[in-house]
Amino acid sequence: MVIDCHGHYTSEPAALLEYRKQQVAALHDPSKAPGPLRISDDEIREKLEPAQLKFQRERGTDIAIFSPRASAMGHHVGNAATSVAWSQICNDMIHRVCNLYPRNFIGVCQLPQSPGVPPGNCIPELERCVNELGFVGCNLNPDPSGGYWKEPPLTDRWWYPLYEKMVELDVPAMVHVTATCNPAFHTTGSHYLNADTTAFMQFLTSDLFKDFPTLKFVIPHGGGAVPFHWGRYRGMAQDMKRPPLKELLLNNVYFDTCVYHQPGIDLLAKVIPADNILFASEMVGAVKGIDPETGHYFDDTKRYVDGVPWLSAEDKRKIFEGNALKVYPRLSKQISRQAAAARA
Ligand SMILES: [Zn+2]
0 MVIDCHGHYT SEPAALLEYR KQQVAALHDP SKAPGPLRIS DDEIREKLEP
50 AQLKFQRERG TDIAIFSPRA SAMGHHVGNA ATSVAWSQIC NDMIHRVCNL
100 YPRNFIGVCQ LPQSPGVPPG NCIPELERCV NELGFVGCNL NPDPSGGYWK
150 EPPLTDRWWY PLYEKMVELD VPAMVHVTAT CNPAFHTTGS HYLNADTTAF
200 MQFLTSDLFK DFPTLKFVIP HGGGAVPFHW GRYRGMAQDM KRPPLKELLL
250 NNVYFDTCVY HQPGIDLLAK VIPADNILFA SEMVGAVKGI DPETGHYFDD
300 TKRYVDGVPW LSAEDKRKIF EGNALKVYPR LSKQISRQAA AARA
């Protein structure tokens, strides 16, 4: 089985985007508040079939761990109530997708974060998504301010109530920022990769995983700058009298394969143990085009993993399937549950 651990619902019907526009407009003019969201199952199918589903079939991916469009989470927009309402709507859409295509998608939720609001505020929506909708994880934004980094680091006790709930529910988080409102950053080009790198460095300097030995994070986009600078991080940990990185972080921190070229995946696979790499493509998302140097889509990442000559068949099985089942402890049962629903 090939499990893509990083997919977003970027082929959402226009009515969802329109709903969000109205929700945001209503922050200044309540008369613009959206009515009930009306989207038919056929509208969902029409947009998904020629996008994520087509690419899954063409590229030999079996199932995607699927969450709302990350750049649209917009935690910095409005207030906590805005974020709760929008997160519920987006998570419900993911649930509908998983019901329509139970063999293709497993849900991961957007959290209703809001700048300055304690993360414990996300617990009810996390519980709803996991216990009622069958989701297996969440996306956690280390910077709800949208590029201004106003929250305490992910290792601060500020975040602990949410971590306690994640551990209790046995769900990991993918570290994932949303769009930036700081013009110094480009959302997917710099803000995403900066956040991945920043989260790793926060973990390196803390004893978070002493407090939460079973807490798990996936750092997407190949871990940002981390694998390329692995020597720098190892050296800094040593200078700080920290334990070796493997011992300090690699029971809790994992990297995905959303690196859109062969040399990048070669490096990732050389530096990071195969046990800590999860297959992912983030399609259809950040980069949509075809690489003129290869003739293949940049985000067709399975091809790169297949192309690493020194990974054994067993390593590849871990990257494509085994590690995802390990990092998302609820995944195996949820796949069976949804497959049974599909047969019924
Ligand atoms: Zn993403």
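Going by numbering that gives the first Met the number 0, the sequence shown opens with residue 0, and the numbers climb by one from there.
Here a beta-carbon is modelled for each residue, glycine too, at the ideal position from N, C-alpha and C.
**Message:** Once the 5 residues before and after Leu249 are set aside, which same chain residues still bring their CB inside 7 Å of it?
**Reply:** Pro272, Asn275
**Asked** Between His295 and the rest of its own chain, which residues show a CB-CB distance below 7 Å, the 5 nearest in sequence each way excluded?
**Response** Ile289, Arg302
**Message:** Please report the distance separating the alpha-carbon of Val135 from that of Pro152.
**Reply:** 24 Å
**Prompt:** Is it the case that the Cβ atoms of Met138 and Ser66 are separated by a distance below 8 Å?
**Reply:** In the sequence under discussion, the amino acid at residue 138 is Asn, which differs from the Met named in the question. Yes. Within cutoff.
**Neighbour-count burial assignment, Asp40, 16 or more Cβ in a 10 Å radius** = exposed
**Asked** At which residue ranges does the region 85-167 contain complete alpha helix (DSSP H) runs of 4 or more residues, listed in the order of the chain?
**Response** 122-126
**Prompt:** Expressed to the nearest angstrom, what Euclidean distance is found between the alpha-carbon atoms of Glu17 and Cys97?
**Reply:** 22 Å
**Message:** For Arg127 and Ser86, what's the separation of their Cα atoms in angstroms?
**Reply:** 11 Å
**According to DSSP, residues forming a beta bridge with Pro171** = DSSP output for Pro171 lists no bridge partner at all.
**Prompt:** For Leu277, which of helix, strand or coil comes out of DSSP?
**Reply:** strand
**Message:** For Lys317 and Ala224, what's the separation of their Cα atoms in angstroms?
**Reply:** 23 Å
**Asked** When burial is assigned at 16 or more other CB atoms within 10 Å of the CB, is Met92 buried or exposed?
**Response** buried
**Request:** Flag Glu163 as yes when its Cβ comes closer than 7 Å to any non-hydrogen atom of ligand 1, and as no otherwise.
**Result:** no
**Message:** Measuring straight from C-alpha to C-alpha, what distance separates Gln51 and Arg68?
**Reply:** 13 Å
**Prompt:** If you drop the 5 nearest sequence neighbours on each side, which residues of the same chain put their C-beta closer than 6 Å to that of Val83?
**Reply:** Pro111
**Asked** What residues in its chain sit with their C-beta under 6 Å from that of Gly284, if we drop five residues either side in the sequence?
**Response** His7, Thr9
**Request:** Let me know if Thr213 comes out buried or exposed under the rule of 16 or more other beta-carbons within 10 Å of its beta-carbon.
**Result:** exposed
**Prompt:** Taking 7 Å as the cut-off, does the CB of Pro182 come closer than this to any heavy atom belonging to ligand 1?
**Reply:** no
**Message:** Let's see if you can read the secondary structure: which residues bound the beta strand (DSSP E) around Pro67?
**Reply:** 62-67
**At least 3 beta-carbon pairs within less than 8 Å: the region 196-213 vs the region 159-175** = yes
**Asked** With which residues is Phe216 paired in a DSSP beta bridge?
**Response** Ala172, Val252
**Request:** With hydrogens ignored, establish whether the beta-carbon of Pro219 is closer than 7 Å to any heavy atom of ligand 1.
**Result:** yes
**Asked** Ends of the alpha helix (DSSP H) at Ile264?
**Response** 261-270
**Message:** What does DSSP give as the partner residue(s) for Tyr8 in the beta ladder?
**Reply:** Pro67
**Prompt:** Does the Cβ of Ala14 lie closer than 7 Å to at least one heavy atom of ligand 1?
**Reply:** no
**Message:** I'd like to know whether the C-beta atoms of Leu26 and Gly77 end up nearer to each other than 8 Å.
**Reply:** yes
**Asked** Using the rule of at least 16 other Cβ atoms within 10 Å of the residue's Cβ for burial, across every protein chain shown, is Glu150 buried or exposed?
**Response** buried
**Prompt:** In this structure, does DSSP put Tyr327 in helix, strand or coil?
**Reply:** coil
**Prompt:** Nearest-angstrom Cα distance between Val116 and Asp155?
**Reply:** 14 Å
**Cβ pair count under 8 Å reaching 3, the region 255-270 against the region 305-316** = yes
**Request:** Within 10 angstroms of the Cβ of Ser331, are there 16 or more other Cβ atoms? Answer buried if so, exposed if not.
**Result:** exposed
**Bridge partners - Ile38, DSSP secondary structure assignment** = Partner(s): none; Ile38 has no beta bridge.
**Close-in-space but distant-in-sequence residues of the same chain around Arg95 (CB under 7 Å, 5 per side omitted)** = Ile43
**Asked** Residue range of the alpha helix (DSSP H) that Val258 falls in?
**Response** Looking at the DSSP string, Val258 is not in any alpha helix (DSSP H), and its letter there is neither H nor E.
**Asked** Hey, out of Ala340, Asp299, Lys315, whose CA is closest to Glu57's CA?
**Response** Asp299
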